[in-house]
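Heads up, the thing below is written out as structure tokens.
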Amino acid sequence: MQLVNALVCICGLLGLGFSGAWAADNRAQKQRLCQEGDLRGTYKLVDMHETPKSVESALYHDLPYQYLAFYSDHAYAYVTANKEIKTPPEVYKAMLPPQKNPHVLKYALDAQGVLDLYTDKNITYRYRCQFVEQSQSTWKKGDLVLTGYTRENTQLYKLYRRWF
Numbered sequence: 000m001q002l003v004n005a006l007v008c009i010c011g012l013l014g015l016g017f018s019g020a021w022a023a024d025n026r027a028q029k030q031r032l033c034q035e036g037d038l039r040g041t042y043k044l045v046d047m048h049e050t051p052k053s054v055e056s057a058l059y060h061d062l063p064y065q066y067l068a069f070y071s072d073h074a075y076a077y078v079t080a081n082k083e084i085k086t087p088p089e090v091y092k093a094m095l096p097p098q099k100n101p102h103v104l105k106y107a108l109d110a111q112g113v114l115d116l117y118t119d120k121n122i123t124y125r126y127r128c129q130f131v132e133q134s135q136s137t138w139k140k141g142d143l144v145l146t147g148y149t150r151e152n153t154q155l156y157k158l159y160r161r162w163f
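Counted the way numbering that gives the first Met the number 0 counts, the sequence shown spans residues 0 to 163.
The structure is reproduced here in structure tokens:
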């Protein structure tokens with residue numbers, strides 16, 4: 000429940016005009032909690048907000064092109080860059096394949112939509128994961144909306160779009 004409230008709070012802080020009624024009504028119609036099958040393929044970060052601005056905002060400012068890939072064995076990979084990576088082969092080349100990474104990158108998703116990203120055995124990110132079922136405003140069908148908090152207690156909002 001705290002993560003749903005955080006999503007509503009973040010949307011309010013971002014000026015999206017959502018209220019508690021949105022959480023109860025529209026979320027069920029336009030988005031839902033992520034499920035295992037949603038986390039396949041490569042996503043590109045298309046929007047990010049951190050409140051108040053801190054480390055994540057600085058990273059996004061310096062390296063605005065971020066890609067996140069999920070694999071069926073619960074491995075994931077990511078890359079951040081200062082220029083857009085335009086083709087799937089370029090992304091694959093930029094991402095270190097999970098089996099060749101010196102660290103074990105795994106993810107876990109629970110029934111409440113909590114997505115944990117692990118580096119080795121440590122959680123590096125914990126998000127509430129929403130899957131957009133119907134396009135609206137800046138969201139498109141198939142987008143992932145990740146919300147959560149950083150270690151510095153800032154609120155994060157990340158919008159990822161399936162890239163391929």
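In this text, a Cβ means the ideal position worked out from N, Cα and C, and glycines have one as well.
- Setting aside the 5 residues that flank it on each side, glycine 141 is surrounded in the same chain by Val131, Arg161, each with a C-beta closer than 7 Å to its C-beta; the list follows chain order.
- CA-to-CA, the gap between tyrosine 91 and asparagine 121 works out to about 25 Å.
- Close CB contacts of proline 96 within its chain, under the 8 Å cut and outside five residues either way in sequence, are with Ala76 (chain order).
- When the Cα atoms are used, valine 103 and threonine 123 turn out to be separated by approximately 12 Å.
- If you ignore the 5 residues before and after serine 136, its C-beta comes within less than 7 Å of no other C-beta in its own chain.
- Around the beta carbon of glycine 36, fewer than 16 other beta carbons lie within 10 angstroms, which makes this residue exposed.
- Bounds of any alpha helix (DSSP H) do not take in tyrosine 70, whose DSSP letter is neither H nor E.
- Taking the Cβ atoms as the reference, tyrosine 42 lies roughly 4 Å from tyrosine 159, within the contact range of under 8 Å.
- Scanning the region 90–136 from its first residue to its last, the whole beta strand (DSSP E) runs of 3-plus residues come out as 104–108, 113–118, 121–131.
- Relative to the Cα of glycine 40, the nearest Cα in the group Leu114, Gly147, Tyr66 belongs to Tyr66.
- Contact between threonine 153 and glutamate 55 holds: their C-beta atoms lie close to 7 Å from each other, under 8 Å.
- For glutamate 49, the enclosing beta strand (DSSP E) begins and ends at 40–50.
- The secondary-structure analysis by DSSP pairs glutamine 154 across a beta bridge with Thr50, Tyr148.
- Within its own chain, the residues whose Cβ lies closer than 8 Å to the Cβ of tryptophan 138, once the five positions on either side in sequence are excluded, are Lys29, Gln30, Val131, Val144, Leu158, listed in chain order.
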